[in-house]
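Report on one structure; see the data block that follows.
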Amino acid sequence: MTTQPQDPAQPKEKIGVYVCHCGSNIAGIVDVAEVREWAGQRLAGRGVTVARDYKFMCSSLGQELIEKDIKEQGLNRVVVAACSPHLHEGTFRTACGRAGLNPYLCELVSIREQVSWVHTDKHAATDKAKAVVSGGVERVRHHTPLEPLRVAIHPATLVVGGGIAGIQAALELADAGKKVYLVEREPSIGGHMAQFDKTFPTLDCAACILTPRMVSAGNHPNITLLTWSEVTEVHGYVGNFTVKIKQRARHVKTELCTGCGICQEKCPKKVIDDVYEAGLGYRKAVYTPFPQAVPKYPVIDVENCTYFRKGTCRACEKLCPTGAIDFAQKDEVLTVQVGNIILATGFDLFNPQKVTQYGYGRLANVFTSLEFERLTNAAGPTNGAIVLRDGKTVPKSVGIIHCVGSRDRNFNNYCSAICCMQSLKFAHLVKERTGATVYNFYIDIRTTAKAYDEFYQRVLEEGTLFVRGRVAEVTDAARLPGEEGKLILQVEDTLAGKQRRIPVDMVVLSAGLQPRADAKATAQVFGLSCSADGWFIEKHPKLDPVATMTEGVFIAGCISGPKDIPASVAQGSAAAARVLSTIDKGEITLEPVRASINATQCSGCRICNTLCPFGAISFLEADRVSEVNPALCQGCGTCVAACPAGAISGTGFSNDQILSQIEGLLMLNMEYA
Amino acid sequence: MSVNGSKPKFAMYWASSCGGCEIAVLNTGLKILDVDAAFDVVFWPVAMDAKYKDVEALPDGAITLTLFNGGIRNDENVAMAKLLRRKSQILVAFGSCATEGCIPGLANLSPAREVFDTAYGTVSTENPMGVRPQPEVKMPEGVLHIPVFASTVRTLEQVVDVDYFIPGCPPESHQIALVIDLVIQALNGKAQLPPKGATIGAGASTVCDECPRQRNVKKIRAFVRIQELETVDPDLCLLEQGIPCNGPAIRNGCGALCPRAGAQCIGCYGPAEGVVDNGARLIAAFASVVDSNDPVEIERILDGIPDPAGQFYRFSLAGSLLHASRAVR
Amino acid sequence: MVDQEHFEPVIIGFTCNWCSYRAADLAGTARVKYPPNVRLIRLMCSGRLDPTFVLKALAGGADGVLITGCHPGECHYLEQNYKALRRFLLLRRTLVAMGLEPARVRLVWASAAEGVKLAHEIETMVAEIRALGPLRWRQNGFTPDNAHDAHAFAVAAEEVSA
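Chains as they are written, first to last, in our numbering: chain A, 168 to 840; chain B, 806 to 1134; chain C, 9 to 170.
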């Protein structure tokens, strides 16, 4: 009949407030001494017994200050006013732990990112810093000791994307003895690198260095290679993801196929290959994208296969020596369990047709960089001959335009990082193979990595002509003598300070890189977020470039922004190292932010039952109450906010903590002081 | 009524209220005799003749138990709340008006002037001279005073310190009987009173806890008024049928009377234990079952709740965080 | 009475740990400037936003409340920002019914990369609230909107001194 209110008597808090100068980062705008003095005096009635300011709270001396006060002054709560909790929350919690205080009784409030770095008025910034400290003090009074959650890590890993970054990550893990599922949506792994002929700045052949890696990945006993496949669903959480992978029907029985290639040879249907050959060459309806493909098994492209379209032909089936063709094969869905996920889904090339003034698609001899890669490739449509669109004329002059679609406010503001070196490589290859005159049209030359600038010097010495200026137009409308039958580049030469018209036979557009067209959809499948550009966001751009905001999901290569091959490979290895450390430890610790339901107060209304996307809430029919499974709960707090009976509470972000923080931020505590 | 001065003293007062709470006490039936046996009733305007000055004459703390019903609407209510607080050992906010403002609290949605305009200036009132009551009127015999009308209705706790809260409009008689039993037992040393500030005479959960209707996972595509439905499933959760039933967020203790009778809970027992703002709980609950991610469609579904302030704060407005509307025109 | 000329709005902002709080961090790192009138609270998700928090802020003296979360479809917890959206729309209807100008509660989607956008939204909101003036939520008890004005003040004064 009667109910009990919460016990209003609380142990007396002894709170230490520490205001960081961060050198002049905070102290330059916020009067830290005033904040310290104010907190010590005006918040004394709210439990503040120690208030200090210090040059660098995160230094070992700063941390020792806190530890000493906890031990000598008996502090039972700590508020540090410094930088973002995303930077140093761990630092100060650990310091508290060393001094014997439960780490979760420490609150870090940001007066740098949220005050000194974004405000200019010193007086207003100091006032706001006081409010922020006051909010932290009120909040921390309601903190309770917590223990971090421990989650076991399934030892298998999913790697999505079989380009060089994904291959590298998969091999690192597999070589360390860990099981890997490598998923690639094309028929073969290899990615963009497999399309290149030479790689800058060393000019070693892409196939020569990539193929052995592809073969290792294909043969590795610890790698399950799933090509022609896509991840459709991901459930679960770090340590234990359940992944659904759709394996498209190859219509080739891989257990029988020997990769002899007779089917491809005999298939009567030719299809323009706009993936691997960038539209310059043909493939068959049954095909492997390139001779070194891994796996060696072809696929049947049902949209173009005569049998699938018209019901007759079956040439491949008749001629296959092992009877491996299977028209009845169906798509299959595989379900695998993994502990971690590495995404290496790469990039799309910017479509230069969007820059209409450059005439791509309208002027025959304007090529994209990827088309040009195929032209120079010995295994490409021209066997490596650099020729015009007619397939035979060798150009006598070539213009290479940098930054197409990059560093351009009409398209992408960012620098695509690889185009300068790619354009220099093209200039060198044209010179080497044709002796043609080469013009490079650039904004700036960016040759920042090892041996890059040396390569630039070499190309300069080879006699390539560099024109600084963004090309205004590529046209075939001849106006001056010598322009007939040529492509004319209209450009302001900003070094010479004049307009120039430069006639050439061939134009190469060094197109930038952009996020995959389906990046957002991919991000949703894996519960990640993309930047406004569409690149995936790192956990920290400098200090944690391969982790994401989602525990257990890592990113490598161009998925997070344009990168060259060495950087992509390094990221593949880095992501693998991050995953390995969790697998070898066997578990990871997580923030103890979880919801729980008070069964006495729960009325079983089932309103929360619709709210949890992780399936953590279930309804117990017998008891007519709902229950949270802490292993599935991710701690978002949506059910806590929704419970009409107030029966659900959430650790770390409790109602008391937030409501008190609001009071503190509004300085309502001043009245009680 | 007993006049034996040695018994503990009992008082019941009505401030701004309808009288329903008094009826509910009398509805306890024979239990009322226990009150008379255990207590010396010193002040109870609805049941006996006593004057304010009789109460003023009592020593401070002389009354053991005061059940205070009604909200605080005028300065007479304030004065009586303060007087009874001073004279009582246990002051109980009795019923919805005293605990959270109840229906009279809805007047907080309008400025006091509009309340007067409606009361004295609309068709239901015959007032050809357009008279408005004045706090002071000079008459040949002297100055007449009537209580000063406050700009808002307040709860008892917003004016004086309160020991216990008994919710309900009115509190259910069986719950009142249990409270009376408890107090009598506690006075005889046979039971312990709950800690100060507790809500008594009710449960800690919500109406759904006592509602026998079948409930499932809820997804609402339209809210409807119950009278607009041709048939209401007698066994299924009303909210699941799109009827805006406040039961999920309303304290249990009534036995889910309204949903059992086929009507939605309108919320007279106030929020569940520990809840800061009843309306906020209802907003969160109703929004949670809206089945759309599209802002336009969500707005369309929410159009089914034409009076959100009335829906979510019907009984609790005066006691809510915002306690009133901002309507000062 | 607050001096309208020197009125500095106070806005409580609720941020999501994964997007808008990081956008605020990013605004800081990039030294993007915005007015100091907003004070932020970190939640794990916009879905954690209990309408009580907004009411508490408005009742406690805030002139406006900014609610932020991940863009639709980009929630760190898959879809909880939609739940925040529904709640926000119903809360705003209720507050408007209680006489609040709708601009005083604002919902903004800001990804972790949108420090500039967040700063811009804060700037816009501060300007709008400044134009609206202080909230000054209606006082309880005896205030000047009373039918019995003169008496109300006398009674209120007495009540305070009592």
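All residues carry an ideal CB built from backbone N, CA and C; glycine is no exception.
Beta-carbon separation of residue i and residue j under 8 Å?
| i | j | result |
| --- | --- | --- |
| G813 (chain A) | Q768 (chain A) | yes |
| K887 (chain B) | V860 (chain B) | no |
| T1139 (chain B) | A1068 (chain B) | The requested residue 1139 (chain B) does not occur in the structure, where chain B is confined to residues 806 to 1134. |
| A262 (chain A) | V202 (chain A) | no |
| E705 (chain A) | S727 (chain A) | yes |
| D968 (chain B) | I1055 (chain B) | no |
| A714 (chain A) | R745 (chain A) | yes |
| A120 (chain C) | A35 (chain C) | no |
| C587 (chain A) | I612 (chain A) | yes |
| K497 (chain A) | A416 (chain A) | yes |
| T805 (chain A) | K1024 (chain B) | no |
| T502 (chain A) | T409 (chain A) | yes |
| G21 (chain C) | L51 (chain C) | no |
Which two residues bound the contiguous alpha helix (DSSP H) that contains residue i?
| i | result |
| --- | --- |
| A264 (chain A) | Per the sequence shown, the amino acid found at residue 264 (chain A) is Gly instead of Ala. Looking at the DSSP string, the run of the alpha helix (DSSP H) that includes G264 (chain A) is 252 to 265. |
| I331 (chain A) | 331 to 342 |
| D841 (chain B) | 836 to 843 |
| M673 (chain A) | First-last for M673 (chain A): 673 to 678, but that is the beta strand (DSSP E), not the alpha helix (DSSP H). |
| F363 (chain A) | Per DSSP, F363 (chain A) belongs to no alpha helix (DSSP H) and is neither H nor E. |
| K477 (chain A) | 473 to 477 |
Applying a beta-carbon distance threshold of less than 8 Å, which residues of chain A neighbour residue i?
| i | result |
| --- | --- |
| N1143 (chain B) | Look at the range of chain B in this structure, 806 to 1134, and you will see that residue 1143 (chain B) is not part of it. |
| E122 (chain C) | A699 |
| H84 (chain C) | G694, S696, M716, T717, C803 |
| V1094 (chain B) | I774, T777 |
Which residues in chain C have a C-beta closer than 9 Å to the C-beta of residue i? List them in chain order.
| i | result |
| --- | --- |
| Q1069 (chain B) | Neighbours of Q1069 (chain B) on chain C: none; closest Cβ ~17 Å, over 9 Å. |
| A291 (chain A) | E16, P43, P44, N45 |
| H253 (chain A) | N25, Y29, R30, D33 |
Which chain C residues sit within Cβ distance under 8 Å of residue i?
| i | result |
| --- | --- |
| F1120 (chain B) | Residues of chain C passing the Cβ test: none, with the nearest at roughly 15 Å. |
| F1117 (chain B) | T102 |
| V1113 (chain B) | Note on identity: in this sequence residue 1113 (chain B) is Pro, with Val being the wrong assignment. What P1113 (chain B) touches in chain C: L98, R101, T102, A105. |
Starting from residue i, find everything on chain B with Cβ-Cβ shorter than 8 Å and list it in chain order.
| i | result |
| --- | --- |
| L826 (chain A) | V1081 |
| F15 (chain C) | Under the 8 Å cutoff, chain B gives no residues; its nearest Cβ is about 17 Å from F15 (chain C). |
In chain C, which residues lie less than 7 Å from residue i when you measure between Cβ atoms?
| i | result |
| --- | --- |
| R1018 (chain B) | What R1018 (chain B) touches in chain C: nothing, since even the nearest Cβ is about 24 Å away. |
| E280 (chain A) | A32, D33, G36, T37 |
| I1088 (chain B) | P59, R95, L98, L99, T102 |
Just reading off the beta strand (DSSP E) that residue i is part of, what are its end residues?
| i | result |
| --- | --- |
| I1136 (chain B) | Any property of residue 1136 (chain B) remains undetermined from this structure, which presents chain B solely from 806 to 1134. |
| I175 (chain C) | What is shown of chain C runs 9 to 170, which leaves residue 175 (chain C) out entirely. |
| Y348 (chain A) | 347 to 350 |
| H387 (chain A) | Run containing H387 (chain A): none; DSSP gives neither H nor E here. |
| M817 (chain B) | 814 to 819 |
Counting only Cβ pairs nearer than 7 Å, list the residues of chain A close to residue i.
| i | result |
| --- | --- |
| D1014 (chain B) | S770, G771 |
| V40 (chain C) | V285 |
Any C-beta of chain B within less than 8 Å: which residues of the segment 760 to 784 of chain A qualify?
T767, Q768, C769, S770, G771, C772, R773, I774, C775, N776, T777, L778
Residue ranges of each alpha helix (DSSP H) run of no fewer than 4 residues wholly in the segment 488 to 537 of chain A, ordered along the chain?
none
Residues of the segment 796 to 818 of chain A with a CB closer than 9 Å to any CB of chain B: list them in chain order, please.
T805, C806, A808, A809, C810, P811, A812, G813, A814
What beta strand (DSSP E) runs, 3 residues minimum, are completely inside the segment 411 to 443 of chain A?
437 to 440
Would you mind listing the alpha helix (DSSP H) stretches within the segment 990 to 1023 of chain B that are 4+ residues and don't spill past its ends, in chain order?
none
Tell me which residues of the segment 102 to 116 of chain C have at least one Cβ-Cβ distance to chain B shorter than 7 Å, keeping chain order.
T102, A105, M106, G107, L108
Which residues of the segment 192 to 206 of chain A have a Cβ closer than 9 Å to any Cβ of chain C? Give them in chain order.
none
Can you give, in chain order, each stretch of the alpha helix (DSSP H) that sits fully within the segment 574 to 602 of chain A and has at least 4 residues?
586 to 601
Run through the segment 602 to 649 of chain A for me and flag every whole alpha helix (DSSP H) of 4 or more residues, listed as ranges in chain order.
619 to 628
Run through the segment 69 to 118 of chain C for me and flag every whole beta strand (DSSP E) of 3 or more residues, listed as ranges in chain order.
72 to 77, 113 to 117
Residues, ordered as in the chain, of the segment 1019 to 1045 of chain B that lie near chain A by beta-carbon distance below 7 Å:
R1020, N1021, V1022, K1023, K1024
Of all the beta strand (DSSP E) runs that stay within the bounds of the segment 718 to 797 of chain A, which reach a length of 3 or more residues?
720 to 722, 754 to 757, 762 to 764, 784 to 787, 792 to 795
Beta strand (DSSP E) runs wholly inside the segment 179 to 255 of chain A, at least 3 long, in chain order
182 to 187, 215 to 221, 244 to 249
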